[in-house]
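Structure first, commentary second.
Shown next, in the form of structure tokens:
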């Protein structure tokens, strides 16, 4: 049986997506975490990070999909989110194949 859906705000969903981006290569760096922390307050970051840490990648993608349908995003909001995703991807000065694959998956989910 599926757990009750945790309904996030747009900003909470954004932070969770950025955490998934940081973990795309299975190695979250301090640079990636610092970028994410600038986007939210400490309590929200800690709460979402604890939830993210216990989720598998499949669970994370499912939570993202489930929460995306709860919100209407404008084209401008999606462009800004994608920009922030790339800020996390490139914060360690690399963009590897796993990050590229996750980017394509998230692009399909977002649009």
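In the UniProt record's numbering, the protein residues as written are 1 to 111.
Where a beta carbon is used, it is the ideal one built from N, C-alpha and C, also for glycine.
Since the model is a prediction, treat every value here as computed from it, not as a measurement.
Suppose the cutoff is 8 Å on Cβ atoms and the five residues either side in sequence are ignored; what does the same chain contact list for residue 17 look like?
64, 81, 85 and 106
What are the start and end residues of each continuous alpha helix (DSSP H) run of 4 or more residues lying completely inside the segment 21–81, in chain order?
30–37, 42–54 and 57–68
From the DSSP output, in three-state form, read off residue 96 for me.
coil
For residue 14, the three-state DSSP class (helix, strand or coil):
helix
Take every Cβ of the segment 35–44, pair it with every Cβ of the segment 56–75, and state whether three or more of those distances are shorter than 8 Å.
no
DSSP on residue 101, reduced to helix/strand/coil?
helix
Buried or exposed for residue 57, going by 16 or more other Cβ atoms inside 10 Å?
exposed
Pairwise C-alpha distance: residue 12 and residue 21
14 Å
Flag this pair as yes or no: are the beta carbons of residue 103 and residue 31 separated by less than 9 Å?
no
Going by beta carbon distance, what residues of the same chain come within less than 8 Å of residue 52, once the five residues before and after it are set aside?
16, 19, 20, 23 and 60
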